[in-house]
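Q: First, the structure itself, so that you have it in front of you.
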Amino acid sequence: MTADNVGTVPPGPRRSVELDSDEALRLLGSVSLGRIVFTRQALPTVRPVNHVLDDGDIVIRTHEGAALTSRTRQAGAPGVVVAYEADTIDPHTHLGWSVVVTGYAHPVTDPEELAHYQGLLQPWVNETMDHAVRIRPDLITGVRLTTAEEPGSA
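For any residue, its number in our numbering is found by taking its place in the sequence shown, counting from 1, and adding 60.
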């Protein structure tokens, strides 16, 4: 939904339609910005990050001093439990989708893989991002917000 067609969708009730995991991952892969949620000092922490979807895994780049970099290094196998959320919801029409992935995050340590992600995923911030973290999804959920009149998978 773009700003061009804001006026074409009447205001009114919205319906939440569950997405299957394949559709949810497809939608997540169609955007480049999300939010990672992890525990820092026993409290939930949320950070906006850009990502790439690679063979079903979510990969983000981090830097040496990042809390997530430290947490994933310390965790060992299978990694740190995280949630990752991405969405596209039009603020005017209230239509769109939201996907949440829960899984384990661990550092990318293979030099060839790391170089691959450094070429594939350009950081949005002006900071040296010389680390990468891979999130392997265990639970994938998503919803699409549709008009109340639209059929289930609009």
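Even for Gly, the Cβ is constructed at its ideal location relative to N, Cα and C.
What is the rounded straight-line gap between the Cα of Ala84 and the Cα of Ile200?
A: Their Cα atoms are separated by approximately 7 Å.
Q: Along the chain, which unbroken stretches of the beta strand (DSSP E) at least 3 residues long are found entirely within the region 74 to 125?
A: Correct list: 74 to 78, 93 to 100, 103 to 114, 117 to 122.
Q: Does the region 128 to 147 come into contact with the region 170 to 188, if we say contact requires no fewer than three beta-carbon pairs (one atom in each stretch) closer than 8 Å?
A: Too few Cβ pairs lie closer than 8 Å, so no.
Q: Looking at Ala146: is its Cβ nearer than 7 Å to the Cβ of Gly94?
A: Yes; because the gap between Cβ atoms is below 7 Å, this pair is in contact.
Q: Enumerate, from N- to C-terminal direction, the unbroken beta strand (DSSP E) stretches of 3 or more residues contained entirely within the region 133 to 171.
A: 140 to 149, 156 to 167, all fully within the region 133 to 171.
Q: Please report the straight-line C-alpha distance between Asp114 and Arg86, rounded to a whole angstrom.
A: Using only the alpha carbons, I get a separation of about 11 Å.
Q: Helix, strand or coil: which one does DSSP assign to Thr188?
A: Coil at Thr188, not helix or strand.
Q: Please return the same chain residues whose Cβ sits closer than 8 Å to the Cβ of Ser192, not counting the five positions on each side in sequence.
A: First, the residue type needs correcting, since residue 192 is Ala and not Ser in the sequence shown. Once the five neighbours on either side are set aside, the close Cβ partners of Ala192 are Val119, Ile120, Arg121, Thr122, Pro167, Val168, Glu173, Leu174, Tyr177, Gln178, Leu181.
Q: Who are the Cβ neighbours of Val161 in its own chain at under 6 Å, not counting the five residues just before and after it?
A: The answer, listed in chain order, is Tyr144, Pro197, Ile200.
Q: Is DSSP giving Leu174 helix, strand or coil here?
A: DSSP places Leu174 in helix when its eight states are reduced to three.
Q: To which residues does DSSP link Gly202 through a beta bridge?
A: For Gly202, which the question treats as bridged, DSSP gives the partners Val159.
Q: When you compare only the Cα positions, how much space is there between Arg131 and Tyr164?
A: C-alpha separation (whole angstroms): 12 Å.
Q: Report the partner residues of Asp207 according to the DSSP bridge assignment.
A: Note that residue 207 is Thr in the sequence shown, not Asp. Bridge partners of Thr207: Arg74.
Q: Would Val97 pass as a contact of Pro104 if the rule is Cβ separation under 7 Å?
A: Cβ atoms of Val97 and Pro104: closer than 7 Å.
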